[in-house]
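Here the structure comes first, spelled out in structure tokens, and everything after it is commentary.
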Amino acid sequence: MSFVLSMSQMQKTDYTRWRMLDEDGKHTWHYLDDEAVAKWPQTPADKYYLGLPLDLPDLPPATSPLESVSNCLTFFSKQQLPPGNWGCEYGGPMFLLPGVVIAWVVTDTHIPPVYATEIINYLVARANPVDGGWGLHTEGDSTMFGTSLNYTVLRLLGVEGEHPVMVQARRLLHRLGGALNAPHWSKFWLAVLGVCDWEIVNPVPPEAWLLPDWVPLAPWRWWVHIRQVFLPMSWIWSKRWTAPETDVIRALRRELFVQSWESIDWAAHRDDIAPSDNYHPKAWLLNSINLFLANIWTPYLRPKSLVSRAEDWVSKLIDMEDANSDYADLASVNAPMNLLVCYIRDGPDSYSVRRHRERMEEFLWVNKEGMFVNGTNGVQCWDTAFLIQAVSAAGLAEDVKWKPMLTRGLEFLDRQQIRENCKNQGVCYRHFRKGAWAFSNRDQGYGVSDCISEALKAVILLQKEADGYPQLLEDERIFDAVDTLLTYQNRSGGCASYEPTRGGEYLEMLNTAEVFGRIMIEYDYPECTSAVLTALTLFLKYWPDYRRTEIQAFIQRGVSYIKKAQRPDGSWYGSWGVCFTYGTMFGLECLGSVGENYANSMSVRKGCEFLLSKQREDGGWSESFQSCEKMKYVEHPTGSQVVQTAFAIIALLSVDYPNSEPIAHGIRLIMSRQQTNGEWLQEGIEGIFNKSCAISYPNYKFIFTTLALGKFAKKYPNFK
1 MSFVLSMSQM
11 QKTDYTRWRM
21 LDEDGKHTWH
31 YLDDEAVAKW
41 PQTPADKYYL
51 GLPLDLPDLP
61 PATSPLESVS
71 NCLTFFSKQQ
81 LPPGNWGCEY
91 GGPMFLLPGV
101 VIAWVVTDTH
111 IPPVYATEII
121 NYLVARANPV
131 DGGWGLHTEG
141 DSTMFGTSLN
151 YTVLRLLGVE
161 GEHPVMVQAR
171 RLLHRLGGAL
181 NAPHWSKFWL
191 AVLGVCDWEI
201 VNPVPPEAWL
211 LPDWVPLAPW
221 RWWVHIRQVF
231 LPMSWIWSKR
241 WTAPETDVIR
251 ALRRELFVQS
261 WESIDWAAHR
271 DDIAPSDNYH
281 PKAWLLNSIN
291 LFLANIWTPY
301 LRPKSLVSRA
311 EDWVSKLIDM
321 EDANSDYADL
331 ASVNAPMNLL
341 VCYIRDGPDS
351 YSVRRHRERM
361 EEFLWVNKEG
371 MFVNGTNGVQ
381 CWDTAFLIQA
391 VSAAGLAEDV
401 KWKPMLTRGL
411 EFLDRQQIRE
421 NCKNQGVCYR
431 HFRKGAWAFS
441 NRDQGYGVSD
451 CISEALKAVI
461 LLQKEADGYP
471 QLLEDERIFD
481 AVDTLLTYQN
491 RSGGCASYEP
501 TRGGEYLEML
511 NTAEVFGRIM
521 IEYDYPECTS
531 AVLTALTLFL
541 KYWPDYRRTE
551 IQAFIQRGVS
561 YIKKAQRPDG
571 SWYGSWGVCF
581 TYGTMFGLEC
591 LGSVGENYAN
601 SMSVRKGCEF
611 LLSKQREDGG
621 WSESFQSCEK
631 MKYVEHPTGS
641 QVVQTAFAII
651 ALLSVDYPNS
661 EPIAHGIRLI
671 MSRQQTNGEW
681 LQEGIEGIFN
691 KSCAISYPNY
701 KFIFTTLALG
711 KFAKKYPNFK
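Note that the UniProt record's numbering has the sequence shown beginning at 1, numbered continuously upward.
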């Protein structure tokens with residue numbers, strides 16, 4: 001291992017040298033030398049991402065919602081990237097960067113000094129100003145998970161242990177009991193480094209992958225993100241692989257613990273966890289299994305032949321994941337683990353290692369605070385599809401000013417549709433994906449029910465409802481998307497995200513992560529169900545005879561689920577956005593798409609009354625990510641948020657809420673927050689996953705405000 005930076009004071013790179021390259025939806029950042037700077041000028045998008053001055057002229061103040069939309073699009077169209085999509089950071093989680101950096105370090109991957117500098121800057125900027133720690137995500141309180149791993153990253157990148165940032169963070173670490181109280185994923189990475197002994201890591205046996213498929217606990221039944229993390233984690237755990245010892249690792253052994261490293265009984269601390277991290281305490285069943293695996297199976301009963309067979313099978317499944325995504329992998333948790341597996345198995349100069357290193361660049365992002373790791377390799381398809389829908393809803397799809405922008409967006413979605421199922425689909429437990437769209441790009445290759453639906457709606461709106469757009473997706477490709485959508489419905493009538501639910505909720509008793517909830521299986525999601533139903537309803541408008549009976553039955557079951565999922569207070573819980581305003585927007589949009597409205601539906605009236613009960617005096621809505629954690633409505637401490645205000649307005653307009661004044665009050669708030677160049681400033685974090693981890697969707701402040709303003713302008717064209 002080589003350490004690229006030794007510093008006692010913070011440095012900065014020259015932000016005018018950074019460029020973001022978009023190669024058909026594949027985003028990578030580059031730091032240029034003098035010659036390259038002259039040949040490759042910064043774009044408005046580069047400057048916006050980096051927080052540099054944009055030098056844009058002031059626009060005429062908007063006097064109507066449609067003028068506000070026009071001002072927004074004048075600004076946001078400049079952020080459109082050459083392939084036709086939009087980009088943005090997808091940050092928030094603070095446990096992603098450590099996995100990538102640790103994997104780089106232990107695989108001897110070169111870390112450019114400018115990367116190290118800006119990673120350090122980001123972590124220093126994101127340290128909690130009160131206690132010096134880091135949380136599970138950027139808006140959360142400090143945790144042992146975030147603090148132990150990000151402290152480790154700073155030390156690996158050359159920050160001295162006596163730097164004031166490190167001293168303060170170390171005080172917190174020691175107050176929390178030291179890294180022995182870190183959660184499972186943190187202990188795993190620290191064991192890879194050799195900072196912890198492998199005995200502290202609860203068993204992750206690859207033999208589980210040899211269980212017959214009919215076994216209720218078999219890993220193929222788990223949620224895709226968990227099983228794709230469990231795969232490489234189990235292989236590495238089985239190998240007990242540890243990086244070579246270095247001075248920094250020896251220093252971390254002294255710094256991360258409150259007792260001497262040599263005196264620690266590692267096995268005695270497998271289940272220790274700081275209260276700040278114990279969001280989902282381990283169940284009695286998991287504790288019992290761990291005791292058996294650690295104390296009986298592994299030391300006495302585990303045959304070498306079985307271990308070898310399990311490791312070989314897991315290795316093959318990892319290879320299939322890599323092959324089906326061209327080494328992009330599902331996300332930025334399993335990708336660095338897969339890199340490490342390939343490094344150990346294939347060697348440092350192998351193609352698999354080289355390709356992983358190249359593709360992991362796509363997880364990196366640079367903003368005004370520094371460099372960090374996104375939750376996935378982007379949100380390209382997702383945001384582009386929503387933007388097309390928003391402009392269409394405003395009645396501007398045929399406006400010659402915006403047609404080139406929308407055409408390029410359509411062309412991007414055309415190229416990003418996945419045209420084939422996975423190779424060895426059944427063998428590697430992958431779901432159908434022919435005709436699908438992924439969240440980010442085609443290479444990543446995982447179809448998601450709502451991503452398919454939103455992209456399909458965008459395509460239909462431009463190719464069928466608007467004039468003058470190229471017919472890029474012929475009927476057969478539209479049918480492919482619909483065929484795949486029809487595979488996502490569960491028996492409940494609801495739709496899951498990546499694939500239908502494969503196991504029962506009892507599998508949550510095997511949740512080893514501790515810091516997340518509801519992660520072991522797929523669930524029904526009102527957002528996903530609504531997206532699919534609204535897409536199928538729009539599809540039937542133009543292809544009324546294609547699988548009509550099946551689609552109508554699907555919609556009927558889905559609507560029944562949506563009504564059952566409504567909470568007693570009239571809201572819907574949002575699992576992917578913040579939170580009840582987000583979920584209720586999707587719930588009401590779904591009911592509105594099948595003809596239910598405020599006048600004829602009790603479910604709709606309850607949903608509207610819930611939203612109106614949360615409207616603030618200034619006309620806005622305010623909601624915090626804590627709503628998702630606590631499963632009750634929590635206002636954001638900074639007050640009304642334009643994004644949640646837009647969610648609520650879209651919901652009310654979708655079901656013909658009859659009183660325009662509350663909606664107009666919210667519209668005025670959105671317009672009042674718009675800047676003179678057409679943008680809205682960043683407010684609270686917009687997204688969530690696994691109930692406890694917030695994640696950013698910074699383009700929502702442009703997309704959903706446009707959708708809300710546009711829908712309102714269409715319904716109330718004379719509003720001033």
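Each residue gets a CB set at the ideal place from its N, CA and C atoms; glycine is no exception.
Bear in mind that the values here come from a model prediction, so they are computed numbers and not experimental data.
- Between the C-alpha atoms of ASN181 and TRP237 there is a straight-line separation of about 19 Å.
- A residue is called buried when at least 16 other Cβ atoms come within 10 angstroms of its Cβ; GLN566 meets this threshold and is buried.
- Judged by DSSP in its simplified three-state form, LEU156 adopts helix.
- CYS693 is bridged by DSSP to PHE689.
- With respect to the C-alpha of ASP467, the residue from GLY378, TYR151, LEU396 and TRP382 having the closest C-alpha is LEU396.
- DSSP places THR529 inside the alpha helix (DSSP H), whose first and last residues are 526-542.
- In this model, GLY445 and ARG171 are separated by some 43 Å (Cα to Cα).
- Counting only unbroken stretches of 4 or more residues, the alpha helix (DSSP H) elements lying wholly within the segment 18-86 are 34-39, 44-50 and 65-76, in sequence order.
- Burial check for ARG240: the Cβ neighbour count within 10 Å stays below 16, so the residue is exposed.
- Straight-line spacing of the CA atoms in PRO212 and GLU499 works out to 20 Å.
- In the structure shown, the three-state DSSP call for PHE702 is helix.
- Apart from sequence neighbours up to five positions away, the residues of its chain that approach ARG345 with a beta-carbon distance below 7 Å are SER315, ordered along the chain.
- Under DSSP, ASN367 shares a beta bridge with GLY370.
- Leaving aside the five residues that flank ILE649 on each side, the residues in its chain whose CB is nearer than 7 Å to its CB run, in chain order, ILE663, GLY666, ILE667, ALA708 and PHE712.
- DSSP places GLY378 outside both helix and strand once states are collapsed to three, so it counts as coil.
- Close CB contacts of LEU231 within its chain, under the 6 Å cut and outside five residues either way in sequence, are with VAL314, LEU317 and ILE318 (chain order).
- If you compare the alpha carbons of TRP235, VAL106, SER575 and GLU361 with that of ILE249, the shortest gap goes to VAL106.
- Sequence-distant Cβ neighbours of ILE418 in its own chain, meaning closer than 8 Å and more than five residues away, are ARG433, LYS434, GLY435, ALA436, TRP437, ALA438, ARG442, GLY445 and GLY447.
- Taking the C-beta atoms as reference points, VAL204 is found no nearer than 8 Å to ALA191.
- Between the C-alpha atoms of TRP223 and LEU510 there is a straight-line separation of about 12 Å.
- Each residue's CA atom was taken as its position, placing TYR697 and ALA335 some 22 Å apart.
- For the pair ILE102 and TRP220, the CB atoms are not nearer than the 8 Å cut-off.
- The beta carbons of GLY133 and ALA127 sit closer together than 8 Å.
- Judged by their CB atoms, ALA481 and LEU413 are not nearer to each other than the 8 Å cut-off.
- Residue environment for LEU193: buried (at least 16 other C-beta atoms within 10 angstroms of its C-beta).
- Around the beta carbon of ALA535, 16 or more other beta carbons lie within 10 angstroms, which makes this residue buried.
- Under the three-state reduction of DSSP, ALA116 is assigned to helix.
- For a cut-off of 8 Å, the C-beta gap from PHE95 to GLY678 is around 35 Å, too long to register as a contact.
- Sixteen is the threshold: when 16 or more other Cβ atoms of the shown chains lie within 10 Å of the Cβ of TYR633, as they do, the residue is buried.
- When only Cα atoms are considered, ASP545 and GLN552 end up about 11 Å apart.
- Annotated three-state conformation of CYS495 is strand, per DSSP.
- Inter-segment contact for the segment 249-269 and the segment 144-159 is present: three or more beta-carbon pairs are separated by less than 8 Å.
- Proximity to GLU139 across TRP104, VAL391, CYS693 and ASN367 peaks at CYS693, based on C-alpha coordinates.
- Here LYS368 is exposed, its C-beta having fewer than 16 other C-beta atoms within 10 Å.
- Separation of the CB atoms of TYR279 and VAL515 is rounded to 5 Å, and the pair is thereby assigned contact status at 8 Å.
- Under the DSSP definition of a beta bridge, GLN489 partners with CYS495.
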